[in-house]
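Following: one structure in structure tokens, then a few remarks.
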Amino acid sequence: MDVAQIIANGIVLGSLYACVAVGFSLVWGVLNIINMLHGSMIILGGYLTFFAWRDFGVNPVLALPVVAGLLYLLGFAIQYVFINRVVSAPVLTTLTLTFGLDMILYNLMTVYFEATPRRVTLDLGGVEILGVALPVDRLIGMALALSLTAILFLVMRGSRIGRAIVAVRMDREAAALMGIRVERIYAITFGIGALMAGAAGAIFAMVFPVTTNISGLFLGKAFVICVIGGLGSVPGALVGGLALGLIESVAGSVFGPQHAILVGFLLMLVLLLVRPTGLVGVKGYE
Amino acid sequence: MREIAGWTLFAVWIAALAAAPFLGDNYTVRIAISIVMFSALAQSWNFIGGFTGYPSLSTAAFFGIGAYVGAIAQRNGVPLVLAWALAVIAVAAFAALLGAVILRLRGHYFAIGSIAIVEIARLIASSWSEVTGGGNGLNVPLMKGGPEVVSMFVLYAMMAVLLMAVAATALVARGRLGFGLRCIEQNEDAADMVGIDTTRYKVAAFVLSAVFCAAVGAIYASWVGYIDPTDSFSILLTLKAPVMALLGGAGTVLGPVAGAGAFVLLEEIFWANFLEWNRAILGGVIVVLIFFLPGGLLGLRLAGLGARKPTPPPATAETPR
Chain S
1 MDVAQIIANG IVLGSLYACV AVGFSLVWGV LNIINMLHGS MIILGGYLTF
51 FAWRDFGVNP VLALPVVAGL LYLLGFAIQY VFINRVVSAP VLTTLTLTFG
101 LDMILYNLMT VYFEATPRRV TLDLGGVEIL GVALPVDRLI GMALALSLTA
151 ILFLVMRGSR IGRAIVAVRM DREAAALMGI RVERIYAITF GIGALMAGAA
201 GAIFAMVFPV TTNISGLFLG KAFVICVIGG LGSVPGALVG GLALGLIESV
251 AGSVFGPQHA ILVGFLLMLV LLLVRPTGLV GVKGYE
Chain V
1001 MREIAGWTLF AVWIAALAAA PFLGDNYTVR IAISIVMFSA LAQSWNFIGG
1051 FTGYPSLSTA AFFGIGAYVG AIAQRNGVPL VLAWALAVIA VAAFAALLGA
1101 VILRLRGHYF AIGSIAIVEI ARLIASSWSE VTGGGNGLNV PLMKGGPEVV
1151 SMFVLYAMMA VLLMAVAATA LVARGRLGFG LRCIEQNEDA ADMVGIDTTR
1201 YKVAAFVLSA VFCAAVGAIY ASWVGYIDPT DSFSILLTLK APVMALLGGA
1251 GTVLGPVAGA GAFVLLEEIF WANFLEWNRA ILGGVIVVLI FFLPGGLLGL
1301 RLAGLGARKP TPPPATAETP R
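Those protein sequences? They're chains S and V, same order as listed.
Start counting the first sequence at 1; every next residue gets the next number (my numbering).
Start counting the second sequence at 1001; every next residue gets the next number (my numbering).
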């Protein structure tokens, strides 16, 4: 494979990765929680999109906002009912709690949706640009992933909710004194995290088969991307996602695809030790 | 008083488990082995997770590497017990090196780093086919004797590891090391300031948390006769150890044993009765545990007894001394 193709594949994959990780990163950065549910939420988004397409003939691009909205409600409810009670507990408590919730969600999905790999096949063909072959469904997925990430960035920058989330992240007590309802912001943040997971799942279902068995794989990707890019910021997830996509694409063609994931993890471990704030992270956030 | 009661219960429990081969059928012995194995894993996690509060999620890495080293050694003709010892030594060295590096991380970063070790180990085991057999796994030479003899031997071997882990915990809890580790849990910077060599203490706890897992992993490999990367380096296993320790009471001497026993028995009941829903039910148990049993089972017992005493124990589950 030539270099241009490898890089193009990496960028397409990386854009999807950015979308996978951005919600996880937001939740970690703002709530200080490692959300073990994230992988399963992505799968849930993928499954919902698949069934909407197969059983009702809904185009995945149209299903995406609805699926994302449902996931938002789910995330908001989970945070409000469960996680808000232990939000300031040590990492082990919140990690264990979200893992317990993940086991429940995972089990529900395997029982009701079965673990069969599911994929929306749109058969849109491919295009060739400057000798680089790209399937159209992947290009659409990439465009969707990038625009969603951009929208989230603008929301965090410009909207009242976004500013409130950033304020809570910077100083919870001060934000509360300014009249921000912190618990509510937490629930909204977790909801947005779930929303982005659902959207990422919808996009992935258009491009790759999704199954419950790979929820751990997505979670692992989210870990790696967050550490590479830096926590809690949208640009961090974007940089981390693109970096991981490129690394996996290049490593896959140099060392073989089975080693690509390993290279990503090793790089993450090195970065954790030398630069825990990530490539574009800010110092001073734990 | 309370301490004596605790140790008496522990002795009765161990005796009951040890009697399993004589009183029950093969199924009972399998459950007993499972209980002892997870007790040892939870007890190991307690050194680093319970005493220092570092959210270590490396249990499955130590377990898996132990299983692989033991299996590979045995395949190359090393006698059984020597192969197990080799596994322990290899993992101890690995944990010491790894700990010196990774224990510089704190909180969430340490959790992520330690869980990444499990993934990395799994990926290496599945891609290094010449040595580890890759995704096909490895067959381990079967032990001599019939299935009943083998399971009895495995049970007692695991039990020996568990007893050593408990004894080590009791020694650490009373000694200088335990004191230092608890200081680190309270405030690492302050501990450092008053002259505790925090790095050395943490690495010691990390190595202690690794060696028993390695022994258990190597024994497990000999017992089941076949290991593969997914089974040996499972994220579920790595999370079960802290959940069990938390269920019993993290940072206490006997808590992990109580938690592991309760957890394995619950799991067994769910497997038997609600096969399809067993994962969800376990998840539910974890959620309930977080909300209603923050101090673990031992915490519950202490609180119940403490209510009738003039000085109630602190809310956080302290070691019963």
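C-beta atoms are modelled at their ideal positions from N, C-alpha and C, and glycine is treated no differently.
Of the listed residues the options, nearest to residue i (C-alpha basis)
| i | options | result |
| --- | --- | --- |
| S:G201 | S:G236, S:L266, S:A187, S:G69 | S:G69 |
| V:E1185 | V:F1062, V:E1148, V:G1050, V:T1132 | V:G1050 |
| V:M1143 | V:A1167, V:A1280, V:W1223, V:L1009 | V:W1223 |
| S:R118 | S:G220, S:I7, S:D55, S:G256 | S:D55 |
| S:F82 | V:V1287, V:N1278, V:L1297, V:T1132 | V:V1287 |
| S:R169 | S:N213, S:I129, S:T110, S:V87 | S:V87 |
| S:I214 | S:A164, S:A115, S:G245, S:L271 | S:A115 |
| S:I6 | S:V250, S:G264, S:V263, S:L273 | S:V250 |
| S:L219 | S:L74, S:Y106, S:A175, S:D123 | S:Y106 |
| V:L1041 | V:A1060, V:S1126, V:G1225 | V:A1060 |
| S:M109 | S:W28, S:M41, S:L271, S:F255 | S:M41 |
| V:M1159 | V:W1084, V:M1244, V:V1216, V:L1105 | V:V1216 |
| V:A1168 | V:F1047, V:F1063, V:L1023 | V:F1047 |
| V:L1239 | V:R1174, V:V1118, V:W1007, V:I1281 | V:V1118 |
| V:G1175 | V:G1134, V:M1244, V:N1026, V:V1253 | V:V1253 |
| S:G191 | S:I78, S:N59, S:F50 | S:I78 |
7 Å Cβ cutoff, residue i in contact with chain S
| i | result |
| --- | --- |
| V:L1293 | no |
| V:L1282 | yes |
| V:G1113 | yes |
| V:S1127 | yes |
Sequence-distant residues of the same chain with beta carbon closer than 8 Å to residue i, five excluded per side
| i | result |
| --- | --- |
| S:L139 | V12, V127 |
| S:A222 | V20, A21, F24, S25, H38, G39 |
| S:V182 | V168, R172, A175, A176 |
| V:A1190 | C1183 |
| S:G29 | R169, L231, G232, S233, Y285 |
Test item: CB-CB of residue i and residue j under 7 Å
| i | j | result |
| --- | --- | --- |
| V:P1242 | V:W1045 | yes |
| S:A21 | S:A205 | no |
| S:V288 | S:M268 | Residue 288 of chain S cannot be examined here, being either before or after the span of chain S that is shown, 1 to 286. |
| V:P1021 | V:Q1074 | no |
| V:V1091 | V:A1214 | yes |
| V:V1036 | V:L1162 | yes |
| S:A18 | S:G162 | no |
| V:G1283 | V:L1246 | no |
| V:G1248 | V:G1259 | yes |
| V:L1155 | V:I1033 | yes |
| V:N1139 | V:Y1068 | no |
| V:L1298 | V:G1255 | yes |
| V:S1056 | V:S1114 | yes |
| S:G297 | S:G245 | A query on residue 297 of chain S cannot be resolved here, the shown segment of chain S reaching from 1 to 286 and no further. |
| S:L195 | S:Y72 | yes |
| S:L64 | S:A199 | yes |
| S:W53 | S:V136 | no |
| V:A1071 | V:A1221 | yes |
Own chain, CB closer than 6 Å to residue i, minus 5 neighbours either side, in chain order
| i | result |
| --- | --- |
| S:F208 | none |
| S:S15 | M142, A145, L146 |
| S:L101 | L37 |
| V:I1102 | G1113 |
| V:I1196 | G1180, C1183 |
Test: residue i CB closer than 7 Å to a CB of chain V
| i | result |
| --- | --- |
| S:N107 | yes |
| S:H38 | no |
| S:M41 | no |
| S:L262 | yes |
| S:I214 | no |
| S:V168 | no |
| S:K283 | With a pLDDT of 46 at S:K283, under the threshold of 50, the modelled position of this residue cannot be trusted, and the question is left open. |
| S:T211 | no |
| S:Q5 | no |
| S:G229 | no |
| S:L246 | no |
Beta-ladder partner(s) of residue i, from DSSP
| i | result |
| --- | --- |
| S:V127 | S:L134 |
| V:N1076 | According to DSSP, V:N1076 bridges with nothing at all. |
| V:L1138 | V:I1227 |
| S:V210 | S:R118 |
Residues near residue i by beta carbon distance below 7 Å, same chain, minus five either side
| i | result |
| --- | --- |
| S:G131 | A4 |
| S:R184 | none |
| S:G252 | A260 |
| V:E1318 | Caution applies to V:E1318, whose pLDDT of 39 falls short of 50 and renders its modelled position unreliable; the value that the coordinates give is listed next. So the list is empty, once near-sequence residues are dropped. |
| V:V1211 | V1088, V1091, A1092 |
| V:A1096 | V1203, V1207 |
| S:V227 | M268, L271, L272, G278 |
Chain A within 7 Å of residue i, Cβ atoms only
| i | result |
| --- | --- |
| S:V91 | The displayed structure is made up of protein chains S and V, and chain A is not among them. |
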